[in-house]
Amino acid sequence: MINKLVITSKNEEFLRRIVELSGETITVCEQCGTCSGGCPLVLEMDVTPAEMMRMVQLGQEEVAETRTIWLCASCFSCTVKCPRGLDPSKVAEALRQLSLRKAIDHIDIMNIPADEMDKLPQIALVSAFRKLTG
Amino acid sequence: MKIPYYPGCSLKTTARNLEVSALASASTLGIEMVEIPRWNCCGTVFSLTSDDLMHHVAPVRNLVRVQEMNRQGIVDNEYRLLTLCSMCFNTMKGSALRVADNPDDLDKINNFMDREEDYEGNVEVVHLMEILREMGFDKIGEAVTNPLGDLKIAPYYGCMLLRPKEIGIDDPEDPTIGADLFRALGAEIVDNPYKKVCCGAYHTVADKNLVIDLAYSILSQADKAGAEAITTSCPLCAFNLDARQKEIAEKYPEFKTMPVFYFTQLMALAFGLGEDKCMFEGNYVDPRPLLRAKALLKEGS
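For the record, the sequence lines run as chains A and B.
Position one of the first sequence corresponds to residue 1 (my numbering), numbered consecutively onward.
Position one of the second sequence corresponds to residue 1001 (my numbering), numbered consecutively onward.
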């Protein structure tokens, strides 16, 4: 049986949107997997950073539903290793922004336990709210 | 040397031990750090999307303060802005580079900041470690009165001092700046293969198990390599690697706690500046028993 992947105009539009938001020429990713190999959180992810890049290339919008895009902490380990000079952390940020710009938060601030709120430094809270809430 | 200094929120609260030890150590080396007036939060994380200029406004406002200080004669033709916190450094340097490389973005931000003078794009954001390297680590060594002897230190760099390349202060794959500094202070350097691995950063807020596992790897690898302590320059790394050791020990029973120093605390200690400048009481894992055992602190202190 032959499985045929059809790229629709909707797929192309999604790719264009993420290229624009991230500023990255995602189409030049050659799927070498170096980003995944160097990612400190890859074991927690449902798709690897390289798979995330491939899903965006193919315009598969479900990439925005993955755990991966929220686990990426923008540590830039992939960025300094990518042989094509791409920055997957910018792609993850663009995908997060799709939700956050609709005011859909990834975390509920009210769910942070009171004893944790007392001890968390503001550098943690500000960065988490900047990255995970819209 | 008189240089504008941006502290950021943590240095006035949870990371007082970083600020106090840095100011005293810098002063010993003839660096006068002058806090910029009316500074505001940098935003802690660099905005990565191409169209988001709003989040560069806060960093750029701080850069405008440096121009004002020069005009008012508070500093003399000194357009470098000194930072201590790795996240402030990364965020503000990123914004400074973005507007320097994109004049249209700078125009938009200047127009938006209606009541500020225009930012002229000529401030260079630097980290204290870079200033130390520029002075020469040999010269830093000359200020040492209490050499750190056989204290085995694994420098930890984390992310924000090293990456991305255009922002980082050293080779992103093979940094040595921390090792060079602590060697000048007389310490024994231990290489930790996890020195560049992310501590989990802000995931400590909503997913702290991730941080506990990453911090466990970083600390236990340092221990395996023979280190007695690790170092950082980031208040968020400090929280995750130091304050989270209680939770690490609960999850991993064989885990041995390990002191986490700000790099400036080791400088203050080596320069013989006294415990009020080292502020070891601000660390979660108390490093004083280790330092007394190494005769780097007096018994009973």
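By construction, the Cβ of each residue, glycine as well, lies at the ideal position given by its N, Cα and C atoms.
Predicted model only: the values in this text are computed from it and were never measured.
8 Å Cβ cut-off: residues of chain A touching residue 1013 of chain B: Here the neighbours are 121 and 122.
Of all the residues that make up the region 73-90 of chain A, which are near chain D by a beta-carbon distance shorter than 9 Å? Reference to chain D is not applicable here, since the protein chains of this structure are A and B.
For residue 1210 of chain B, return the contacting residues in chain A, with the cut-off set at a CB-CB distance below 8 Å. Chain A residues near residue 1210 of chain B: 41, 44 and 71.
Please tell me whether residue 142 of chain A and residue 41 of chain A are closer than 8 Å, where the distance is taken between their beta carbons. Residue 142 of chain A lies beyond the stretch modelled for chain A, which goes from 1 to 134, so this question has no answer here.
Check the Cβ-Cβ distances between residue 1019 of chain B and every residue of chain A, and say whether any is below 8 Å. It does not: the Cβ of residue 1019 of chain B has no partner Cβ on chain A nearer than 8 Å.
Straight-line Cα distance separating residue 1048 of chain B from residue 27 of chain A: Residue 27 of chain A and residue 1048 of chain B have their alpha carbons spaced roughly 19 Å apart.
Which residues does DSSP list as the beta-bridge partners of residue 1232 of chain B? For residue 1232 of chain B, which the question treats as bridged, DSSP gives the partners B:1262.
Is the beta carbon of residue 1108 of chain B less than 8 Å from the beta carbon of residue 1148 of chain B? Not closer than 8 Å, so no.
Where residue 1022 of chain B falls: helix, strand or coil (DSSP): Three-state result, residue 1022 of chain B: helix.
Distance CB(residue 1169 of chain B)-CB(residue 1194 of chain B) smaller than 8 Å: No, the pair does not count as a contact, with Cβ atoms beyond the cut-off.
So who's on the other strand from residue 1154 of chain B, going by DSSP bridges? Beta-bridge pairing links residue 1154 of chain B to B:1230.
Measure the CB-CB distance between residue 1226 of chain B and residue 1215 of chain B and report whether it falls below 8 Å. Cβ atoms of residue 1226 of chain B and residue 1215 of chain B: not closer than 8 Å.
Tell me whether the beta-carbon of residue 1091 of chain B lies closer than 8 Å to the beta-carbon of residue 1044 of chain B. Against a cut-off of 8 Å, the Cβ pair of residue 1044 of chain B and residue 1091 of chain B comes out as a contact.
Which of helix, strand or coil DSSP assigns to residue 1244 of chain B: The answer is coil: DSSP assigns residue 1244 of chain B none of H, G, I, E or B.
Compare the Cα-Cα distances from residue 1085 of chain B to each of B:1233, B:1274 and B:1253 and report the closest residue. Among B:1233, B:1274 and B:1253, the Cα nearest to that of residue 1085 of chain B is on B:1233.
Going by beta carbon distance, what residues of the same chain come within less than 6 Å of residue 1192 of chain B, once the five residues before and after it are set aside? Correct list, in chain order: 1154, 1221, 1222 and 1225.
Identified DSSP bridge partners for residue 1035 of chain B: Partner(s): B:1005.
Whether residue 1021 of chain B touches residue 1264 of chain B by CB criterion (8 Å): One thing to note: residue 1021 of chain B has its Cβ within 8 Å of the Cβ of residue 1264 of chain B.
Would residue 35 of chain A pass as a contact of residue 88 of chain A if the rule is Cβ separation under 8 Å? It is a contact, given that the beta carbons lie within the stated cut-off.
When you compare the region 1108-1118 of chain B with the region 1073-1083 of chain B, are there three or more beta-carbon pairs, one atom per stretch, that lie closer than 8 Å? In short, these stretches do not touch, since the Cβ pair count stays below three.
Beta carbon of residue 1294 of chain B nearer than 8 Å to that of residue 1104 of chain B: Contact: no.
Touching by the beta-carbon criterion (3+ pairs, under 8 Å), the region 1053-1066 of chain B and the region 1021-1035 of chain B: The region 1053-1066 of chain B is not in contact with the region 1021-1035 of chain B.
Who are the neighbours of residue 23 of chain A on chain B, taking C-beta pairs under 7 Å? Those are 1050, listed as they occur along chain B.
Check whether chain B comes within 8 Å of residue 13 of chain A, counting only Cβ atoms and requiring the distance to be less than that. It does not: the Cβ of residue 13 of chain A has no partner Cβ on chain B nearer than 8 Å.
Option nearest residue 1132 of chain B by Cα separation, candidates B:1039, B:1160 and B:1181: Minimum Cα distance to residue 1132 of chain B is reached at B:1181.
Short check: CB of residue 84 of chain A to CB of residue 30 of chain A, under 8 Å? Contact: yes.
When you compare the CB of residue 131 of chain A with every CB in chain B, is at least one pair closer than 8 Å? It does: the Cβ of residue 131 of chain A has a partner Cβ on chain B nearer than 8 Å.
Check the C-beta distance from residue 104 of chain A over to residue 128 of chain A and give it rounded, since I have them as a contact under 8 Å. Not quite, the Cβ-Cβ distance comes to about 16 Å (not below 8 Å), so this is no contact.
When DSSP builds the beta bridges, which residues end up paired with residue 20 of chain A? Beta-bridge pairing links residue 20 of chain A to no other residue.
Residue 68 of chain A lies in the alpha helix (DSSP H); which residues open and close that run? Counting along the chain, residue 68 of chain A sits inside the alpha helix (DSSP H) bounded by residues 68-71.
Contact between the region 1011-1019 of chain B and the region 1269-1282 of chain B: three or more CB pairs below 8 Å? With the cut-off at 8 Å, the region 1011-1019 of chain B and the region 1269-1282 of chain B touch.
Start and end of the beta strand (DSSP E) containing residue 1126 of chain B? Looking at the DSSP string, the run of the beta strand (DSSP E) that includes residue 1126 of chain B is 1124-1127.
What does the alpha-carbon distance come out to for the pair residue 1002 of chain B and residue 1029 of chain B? Computed Cα separation, rounded: 11 Å.
8 Å contact criterion, which residue 1062 of chain B and residue 1006 of chain B should meet: CB distance rounded: Contact between residue 1062 of chain B and residue 1006 of chain B holds, since their C-beta atoms are separated by about 6 Å, short of 8 Å.
Classify residue 1254 of chain B as helix, strand or coil using the three-state DSSP reduction. Per DSSP, reduced to three states, the secondary structure at residue 1254 of chain B is coil, with no helix or strand assignment.
Might you give, ordered along the chain, the residues of its own chain that have their beta carbon closer than 7 Å to the beta carbon of residue 1259 of chain B, omitting 5 neighbours on each side? Excluding residues within five positions, the ones whose Cβ falls inside 7 Å are 1229, 1283, 1285, 1287 and 1290.
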